[in-house]
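**Student:**
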Amino acid sequence: MTDPGTPSERVDQKGTAVTQTVAGSRILSMGHYQPARVLTNDDLAQMVDTNDQWIRDRVGIATRRIADNETVADMAAAAAEKALAGSGLNADDIDLVVVATCSSVDRSPNVACRVAAKLGIGAPAAYDINTACSGFSYALATADHAIRAGSARNVIVIGAEKLSDFTDWTDRSTCILFGDAAGAAVVTAVAEGEEPGIGPVLWGSVPERSDAVRIEGWRPYIQQEGQQVFRWATTALAPLALDAVKRSGYEPGDIKALVCHQANLRIIEGIAKRLNLPDAVVAKDIVESGNTSAASMPLALSKLVERGEVPSGAPVLLFGFGGGLTYAGQVVRCP
Numbered sequence: 218m219t220d221p222g223t224p225s226e227r228v229d230q231k232g233t234a235v236t237q238t239v240a241g242s243r244i245l246s247m248g249h250y251q252p253a254r255v256l257t258n259d260d261l262a263q264m265v266d267t268n269d270q271w272i273r274d275r276v277g278i279a280t281r282r283i284a285d286n287e288t289v290a291d292m293a294a295a296a297a298e299k300a301l302a303g304s305g306l307n308a309d310d311i312d313l314v315v316v317a318t319c320s321s322v323d324r325s326p327n328v329a330c331r332v333a334a335k336l337g338i339g340a341p342a343a344y345d346i347n348t349a350c351s352g353f354s355y356a357l358a359t360a361d362h363a364i365r366a367g368s369a370r371n372v373i374v375i376g377a378e379k380l381s382d383f384t385d386w387t388d389r390s391t392c393i394l395f396g397d398a399a400g401a402a403v404v405t406a407v408a409e410g411e412e413p414g415i416g417p418v419l420w421g422s423v424p425e426r427s428d429a430v431r432i433e434g435w436r437p438y439i440q441q442e443g444q445q446v447f448r449w450a451t452t453a454l455a456p457l458a459l460d461a462v463k464r465s466g467y468e469p470g471d472i473k474a475l476v477c478h479q480a481n482l483r484i485i486e487g488i489a490k491r492l493n494l495p496d497a498v499v500a501k502d503i504v505e506s507g508n509t510s511a512a513s514m515p516l517a518l519s520k521l522v523e524r525g526e527v528p529s530g531a532p533v534l535l536f537g538f539g540g541g542l543t544y545a546g547q548v549v550r551c552p
């Protein structure tokens with residue numbers, strides 16, 4: 218992941234113009250948050266006609282976390298606070314806050330501004346982004362682009378969802394899937410001569426299939442065409458993920474971890490098999506956390522980092538996909 222570097226001028230926190238040559242960006246640290254309440258498959262069996270084995274066989278989920286009082290912003294701030302604490306930076310160092318979410322009930326103020334206020338971050342650029350389950354990769358790419366352009370130097374990128382607010386707990390085809398969580402990364406500039414830690418993004422969408430996953434109207438429930446999404450994910454996504462690897466200058470054998478959107482265990486395992494990543498740890502947080510949309514990839518990566526399952530500096534393939542239909546992925550170096 219090499220780049221000749223882009224000379225740029227930015228203004229620091231004191232208002233002084235600073236000229237710098239930025240080669241790219243890297244992830245400094247990760248953090249995550251999950252609510253305390255665990256909802257098991259047996260719990261769901263008391264609510265709808267289902268059972269533990271049926272759920273495990275079809276989607277691979279055993280448990281998921283449900284937020285009772287926490288908002289999307291509460292969870293996002295908790296994950297960001299943990300990431301910031303591990304970065305060696307403080308709130309005054311952050312220039313930009315980006316939140317990927319499709320489940321914020323409030324339209325304004327946005328979640329990013331609420332996170333900044335909770336963490337005491339002064340005058341950052343702050344925006345939310347919604348590409349559903351691919352949101353974290355989209356947000357990470359926009360943070361990398363902002364840093365390369367000289368618009369920011371240190372960025373907090375967050376994926377946060379409270380999907381329980383939009384779940385129909387009487388629909389056994391969807392209520393078994395979703396959970397609540399947040400994951401965050403602190404991203405910083407890499408100077409000329411250093412190796413960037415975030416590779417080029419591959420992103421795109423399939424607008425003609427926009428009805429495959431829906432949260433539409435006022436007080437809506439999540440609806441999805443499960444078989445349509447499954448067929449698309451198991452046939453179309455592996456070549457796109459491989460393209461993301463190639464764009465970063467790596468070969469599949471170089472990848473040490475695969476962190477896909479945690480939608481369905483069979484989809485994750487199918488993509489991993491088709492990519493043929495012989496030395497890669499495959500994140501399977503879906504089993505204990507369910508589908509947490511934009512939060513799923515930073516949540517899973519943060520857990521891998523916390524448990525020491527991937528060495529610092531190792532190439533990790535992130536690949537998100539979902540509502541839109543949208544997809545995005547990039548190779549990053551593990552913090």
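When we follow the numbering used here, the leftmost residue of the sequence shown carries the number 218, and every step to the right adds one.
Using N, Cα and C, we set each Cβ at its ideal position, and we do this for glycine too.
#1: Check for me: the alpha helix (DSSP H) holding I346 runs from which residue to which?
#2: Between the Cα of A360 and the Cα atoms of P469, G414 and E378, which residue gives the shortest distance?
#3: What does a CB cutoff of less than 7 Å around V527 pick up in its chain, not counting 5 residues either side in sequence?
#4: Just confirm the distance between the C-beta atoms of T509 and Q479, as a whole number of angstroms; I'd bet it's less than 8 Å.
#5: On the three-state DSSP scale, how would you describe W449?
#6: Would you decide whether N481 is buried or exposed? Buried here means 16 or more other CB atoms lie within 10 Å of its CB.
#7: Count the CB pairs spanning the stretch 423 to 436 and the stretch 384 to 402 that are closer than 8 Å, and state whether there are at least three.
#8: Restricting to runs no shorter than 3 residues, where is the beta strand (DSSP E) found entirely within the stretch 395 to 445?
#9: Please list the terminal residues of the continuous alpha helix (DSSP H) segment that includes T359.
#10: Beta-carbon separation of V316 and A334 under 7 Å?
#11: From which residue to which residue does the alpha helix (DSSP H) around C477 run?
#12: Could you please give the first and the last residue of the uninterrupted beta strand (DSSP E) stretch that includes G546?
#13: Just checking, does the stretch 433 to 442 make contact with the stretch 252 to 262 on the three C-beta pairs under 8 Å criterion?
#14: Ignore the nearest five residues each way along the sequence and tell me which others in A356's own chain have a CB closer than 6 Å to its CB.
#15: What separation, rounded to the nearest whole angstrom, lies between the Cα atoms of S519 and S390?
#16: Between K379 and N258, what straight-line distance do the alpha-carbon atoms span, to the nearest angstrom?
#17: Which same chain residues, not among the five before or five after G352, have their C-beta less than 8 Å away from its C-beta?
#18: Hey, D312 and N371: beta-carbon distance below 7 Å or not?
#19: Have a look at G337, S325 and I283 and flag the residue whose alpha-carbon is nearest the alpha-carbon of N307.
#20: Taking all protein chains shown into account, do 16 or more other C-beta atoms lie within 10 angstroms of the C-beta of T348, making it buried, or fewer, making it exposed?
#21: From the DSSP secondary-structure annotation, give me the bridge partner or partners of A317.
#22: Enumerate in chain order the residues of its own chain whose CB-to-CB distance from Y344 is below 7 Å, with the five nearest sequence positions on each side excluded.
#23: Whose CA, out of I283, S246 and G303, lies closest to the CA of V255?
#24: Classify A253: buried if its beta carbon has 16 or more other beta carbons within 10 angstroms, exposed otherwise.
**Tutor:** On the basis of the coordinates in this document:
#1: Looking at the DSSP string, I346 is not in any alpha helix (DSSP H); the run it does join, the beta strand (DSSP E), is A342 to I346.
#2: G414
#3: K473, A474, V498, L521, V533 and C551
#4: 7 Å
#5: Helix.
#6: buried
#7: no
#8: 397 to 408 and 419 to 422
#9: G352 to A366
#10: No, these two residues do not count as a Cβ contact at 7 Å.
#11: Premise fails: C477 lies in the beta strand (DSSP E), A474 to C477, not in any alpha helix (DSSP H).
#12: T543 to R550
#13: Because the criterion of three Cβ pairs below 8 Å is not met, the stretch 433 to 442 and the stretch 252 to 262 do not touch.
#14: V315, A317, I346 and V374
#15: 29 Å
#16: Rounded to whole angstroms, K379 and N258 show a C-alpha spacing of 19 Å.
#17: A317, T318, C319, I346, G376, S510, A511 and G537
#18: yes
#19: G337
#20: buried
#21: For A317, which the question treats as bridged, DSSP gives the partners I346 and G376.
#22: V315, N327 and A329
#23: I283
#24: exposed
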